[in-house]
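Engineer: Residue numbers (this note's numbering): 931 to 1464.
1) Assuming residue 1326 contacts residue 1290 (C-beta within less than 8 Å), just tell me the rounded distance between them.
2) Should the segment 1209 to 1229 be called in touch with the segment 1260 to 1270, which here means at least 3 C-beta pairs below 8 Å?
3) If we call anything under 7 Å between Cβ atoms a contact, is residue 1394 one with residue 1418?
4) Alpha carbon to alpha carbon, what distance is there between residue 1153 and residue 1175?
5) In the DSSP assignment, what residue or residues form a beta bridge with residue 1169?
6) Apply the 10 Å Cβ neighbour rule to residue 1166 and answer buried if 16 or more other Cβ atoms are within range, or exposed otherwise.
7) Among 1254, 1427, 960, 970, whose alpha-carbon lies nearest the alpha-carbon of residue 1320?
8) Note down, in chain order, each residue of its chain lying with its Cβ closer than 8 Å to the Cβ of residue 1126, except the 5 sequence neighbours on either side.
9) Express the C-alpha separation of residue 1220 and residue 980 in angstroms, rounding to a whole number.
10) Do residue 1387 and residue 1373 come within 7 Å of each other at the CB atom, strictly closer than that value?
11) Is the beta carbon of residue 1207 sitting closer than 7 Å to the one on residue 1238?
12) Who pairs with residue 1054 in a beta bridge, going by DSSP?
13) When the Cα atoms are used, what is the spatial distance from residue 1422 to residue 952?
14) In this structure, how does DSSP classify residue 1465 when only helix, strand and coil are distinguished?
15) For residue 991 versus residue 968, is the C-beta distance shorter than 7 Å?
16) Thinking C-alpha only, which one of 1136, 1054, 1123, 1420 is nearest residue 1272?
17) If you compare alpha carbons, which of 1036, 1392, 1252 is closest to residue 1013?
18) Among the residues of its own chain, which have a CB less than 8 Å from the CB of residue 1280, if the five just before and after it don't count?
19) Nearest-angstrom Cα distance between residue 1457 and residue 1362?
20) In three-state terms, what does DSSP make of residue 993?
21) Taking one C-beta from the segment 1108 to 1123 and one from the segment 1345 to 1364 each time, how about it: are there three or more such pairs within less than 8 Å?
22) Mark residue 1301 as exposed unless 16 or more other C-beta atoms lie within 10 angstroms of its C-beta, in which case mark it buried.
23) So residue 1364 packs on residue 977, CB below 8 Å; how close in whole Å?
24) Quick check on the DSSP output: the alpha helix (DSSP H) that includes residue 1257 runs from which residue to which?
25) Beta-carbon within less than 7 Å of residue 1156's beta-carbon, same chain only, minus the 5 sequence neighbours each way: which residues are those?
26) Specify whether the segment 1139 to 1149 and the segment 1081 to 1098 touch according to this definition: at least 3 beta carbon pairs, one from each stretch, less than 8 Å apart.
27) Is the separation between the beta-carbon of residue 1197 and that of residue 1241 shorter than 7 Å?
28) Expressed to the nearest angstrom, what Euclidean distance is found between the alpha-carbon atoms of residue 1116 and residue 1187?
29) Out of curiosity, what's the CA-to-CA distance linking residue 1038 and residue 1008?
30) What is the DSSP secondary structure of residue 1233, reduced to helix, strand or coil?
31) Against chain C, with Cβ distances strictly below 7 Å, would residue 1181 count as a contact?
32) Looking only at its own chain, which residues have a Cβ that is under 6 Å from the Cβ of residue 1297, when we skip the five neighbours before and after it?
33) Identify every residue that forms a DSSP beta bridge with residue 1049.
34) Under the assumption that residue 1033 contacts residue 1334 (Cβ atoms under 8 Å), give the Cβ distance between them as a whole number of angstroms.
35) How should residue 1248 be labelled, buried or exposed, when 16 other C-beta atoms within 10 angstroms of its C-beta is the threshold for buried?
36) What does a CB cutoff of less than 6 Å around residue 1315 pick up in its chain, not counting 5 residues either side in sequence?
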């Protein structure tokens, strides 16, 4: 991949928000041993990146660090959905349900309409779904629509649920078994193009407001006045001093602050080739036998893949950097999926699998003598806790409510440390690439790029226009191109092949695809530094 022409010019906004190896080096040198900053955030998943943005948008001096990369932990392993809170109504968590619906509307209509759109789901009424269960599900979908209304999300953003005939149900999901099909229930929810891309947009928007975003920087020790850190690229250690410290390290929060008890829950997804299930204009809700409020989701991705998930299993012991999907989870998901398919999916059809750990707060009131409740029953409410020496820790919650979690954490920090700052502006602050649908629809770039980069899609596309080789797919059957990799290195803080394949793109979710793409990625990273930096 040698350059054939000068790089495309950067837009002013891209320049301000760009993350790169060069910017990381400058910001790290300024932060370590430098003046006291207002806020230090540890962890750069959705909540940590959101906290960095919230604090920077209030005009505070912010440094945010992560031992690995943006979206390295839980935030890249979700179902890629922005839920409206329907599940929480069933367990009478009305405040959590309403908060989820409000935050879904914020993402879809104000802050990230390029990354979040409406996703239709079909619940097939098979012989395994009794009429009573169908009535309960329909009542739930109607309640979910009431949540949408209470959250003031427009009907044009999320259509109303409706009943489907058996013919229409199979038209939306031809792979379903026709025998005994009574019809289906159609509902809508928010769907992310990619959860990791949301985190990247948050971090870059924070950078545009002056935050220093530092990946590969490990917090070795936290206090209420800063952290001892280590640059994981060089091994050098130092100190970052801060007036307030926010611990947003998710399932690892208890490793940095004493007294924080996390009860991780594992959510596993399968990755299938799209052709295995055929056309899927809609996703599927498949009821889990014996459960009244649990479903397996079938999620078409538009990139030649389909995700099937998810499980909700407690995890004991040490928390790994990258969780593995156990065969028991894979078998469970295949069994539920095959309960509605005309042709079964076999283990050999599973080309990839991924598992994420939800950082659920473990409290004494939530535990029972026999070992505690199922993690499916633990509340998804978030908590903001202050340690005796003043470290603010934010835990619990879920991807949909990251913005509210970040706002609450920054509120707690500025109040505890008496830092002068106004209220959070993030409910109306567009992320990098965001624009109203009419603006996005008028952009001259492929639709797939617009759904990933928003208003920056023409700039990404222009890279391929200047060097046709950058417009070629990395591997057959997958749409990611060299131009997207180059953009990630220049503007999105990607430092190595794992950043590119596993988070900036999701090629790495299928091990075979990852291996096939490595050569192209290594060629790109081997190009002269001035070309990579633009």
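Cβ atoms here follow ideal geometry from the backbone N, Cα and C, with glycine treated the same way. Please read all numbers here as calculations on a predicted model, not as lab measurements.
Structural biologist: Short version:
1) Residue 1326 sits at position 396 when you count from the first residue of the chain shown. Residue 1290 sits at position 360 when you count from the first residue of the chain shown. 6 Å between Cβ atoms; contact.
2) Touching, per the Cβ criterion.
3) For the purposes of this step, residue 1394 is taken as the residue at position 464 of the chain shown. For the purposes of this step, residue 1418 is taken as the residue at position 488 of the chain shown. Going by C-beta atoms, residue 1394 is not nearer than 7 Å to residue 1418.
4) Against the chain shown, residue 1175 aligns to sequence position 245. Against the chain shown, residue 1153 aligns to sequence position 223. Cα to Cα, residue 1175 sits roughly 7 Å from residue 1153.
5) Numbered from its first residue, the chain shown carries residue 1169 at position 239. For residue 1169, which the question treats as bridged, DSSP gives the partners 1158.
6) Position 236 of the chain shown, counted from the start, is the residue given in the question as residue 1166. By the Cβ neighbour-count rule, residue 1166 is exposed, with fewer than 16 other Cβ atoms within 10 Å of its own.
7) If you number the chain shown from 1, residue 1320 lands on position 390. That would be 970, whose Cα lies nearest to the Cα of residue 1320.
8) For the purposes of this step, residue 1126 is identified with residue 196 of the chain shown, where counting begins at 1. The answer, listed in chain order, is 1000, 1001, 1005, 1006, 1433, 1434, 1436.
9) Locating residue 980 in the chain shown gives position 50, counting from the first residue. Locating residue 1220 in the chain shown gives position 290, counting from the first residue. Taking C-alpha positions only, residue 980 is separated from residue 1220 by approximately 38 Å.
10) Translated into the one-based positions of the chain shown, residue 1373 becomes position 443. Translated into the one-based positions of the chain shown, residue 1387 becomes position 457. In contact: residue 1373 and residue 1387 (Cβ atoms closer than 7 Å).
11) Within the chain shown, residue 1207 is the residue found at index 277, counting from 1. Within the chain shown, residue 1238 is the residue found at index 308, counting from 1. Their beta carbons are not under 7 Å apart, which means residue 1207 does not touch residue 1238 by this criterion.
12) Within the chain shown, the letter at position 124 stands for residue 1054. According to DSSP, residue 1054 bridges with 1114.
13) In the chain shown, counting from the first residue as 1, residue 1422 sits at position 492. In the chain shown, counting from the first residue as 1, residue 952 sits at position 22. The alpha-carbon of residue 1422 is positioned some 12 Å away from that of residue 952.
14) One cannot answer for residue 1465 here, as it falls past the ends of the chain, which runs 931 to 1464.
15) The sequence position of residue 991 within the chain shown is 61, counting from 1. The sequence position of residue 968 within the chain shown is 38, counting from 1. Their beta carbons are under 7 Å apart, which means residue 991 touches residue 968 by this criterion.
16) Residue mapping note: residue 1272 aligns to position 342 of the chain shown, counting from 1. Of the listed residues, the one whose Cα sits closest to residue 1272 is 1054.
17) Numbered from 1 along the chain shown, position 83 holds the residue referred to as residue 1013. The alpha carbon of residue 1013 has as its nearest neighbour, out of 1036, 1392, 1252, the alpha carbon of 1036.
18) As a working mapping, residue 1280 is identified with position 350 in the chain shown. Non-local C-beta neighbours of residue 1280 in its own chain, meaning closer than 8 Å and more than five positions away in sequence, comprise 1200, 1201, 1202, 1260, 1264, ordered along the chain.
19) Residue mapping note: residue 1457 aligns to position 527 of the chain shown, counting from 1. Residue mapping note: residue 1362 aligns to position 432 of the chain shown, counting from 1. The alpha-carbon separation between residue 1457 and residue 1362 amounts to approximately 27 Å.
20) If you number the chain shown from 1, residue 993 lands on position 63. Note: residue 993 maps to strand in three-state DSSP.
21) The segment 1108 to 1123 makes no contact with the segment 1345 to 1364, as fewer than three CB pairs between them are under 8 Å.
22) Counting from one through the chain shown, the residue named residue 1301 turns up at place 371. Confidence at residue 1301 is low in this model, with a pLDDT of 40, below 50, so its placement is unreliable and the value that follows should be read with caution. Answer is exposed; the Cβ neighbour count stays below 16.
23) One-based indexing of the chain shown puts residue 1364 at position 434. One-based indexing of the chain shown puts residue 977 at position 47. Actually they do not touch by this definition, with Cβ atoms about 19 Å apart.
24) Working through the chain shown from its first residue, we reach residue 1257 at position 327. If you look at residue 1257, you'll find it in the alpha helix (DSSP H) that goes 1257 to 1268.
25) As a position in the chain shown, residue 1156 is number 226, starting the count at 1. 970, 1169, 1170, 1171, 1172, 1175.
26) Contact fails: fewer than three Cβ-Cβ distances are below 8 Å.
27) Here residue 1197 refers to the residue found at position 267 of the chain shown. Here residue 1241 refers to the residue found at position 311 of the chain shown. When the beta-carbon positions are compared, residue 1197 and residue 1241 come within less than 7 Å of each other.
28) For the purposes of this step, residue 1116 is taken as the residue at position 186 of the chain shown. For the purposes of this step, residue 1187 is taken as the residue at position 257 of the chain shown. So the alpha carbons of these two residues sit roughly 45 Å apart.
29) Here residue 1038 is taken as the residue at index 108 of the chain shown, counted from 1. Here residue 1008 is taken as the residue at index 78 of the chain shown, counted from 1. Each residue's alpha carbon lies about 18 Å from the other.
30) As a working note, residue 1233 is residue 303 in the chain shown. Reduced to three states, the DSSP call for residue 1233 is coil.
31) The chain labelled as chain C is not found in the depicted structure, where only one protein chain is given.
32) Walking along the chain shown from the start, residue 1297 turns up at place 367. The predicted model places residue 1297 with a pLDDT of 39, which falls under 50 and marks its position as unreliable, so this point remains unresolved.
33) Looking up residue 1049 in the chain shown gives position 119. DSSP lists 1119 as partners of residue 1049.
34) If you number the chain shown from 1, residue 1033 lands on position 103. If you number the chain shown from 1, residue 1334 lands on position 404. Between residue 1033 and residue 1334, the beta carbon gap of about 6 Å places them in contact (Cβ cut-off 8 Å).
35) Numbered from its first residue, the chain shown carries residue 1248 at position 318. Burial check for residue 1248: the Cβ neighbour count within 10 Å stays below 16, so the residue is exposed.
36) The count along the chain shown starts at 1 and reaches residue 1315 at position 385. 1323, listed in sequence order.
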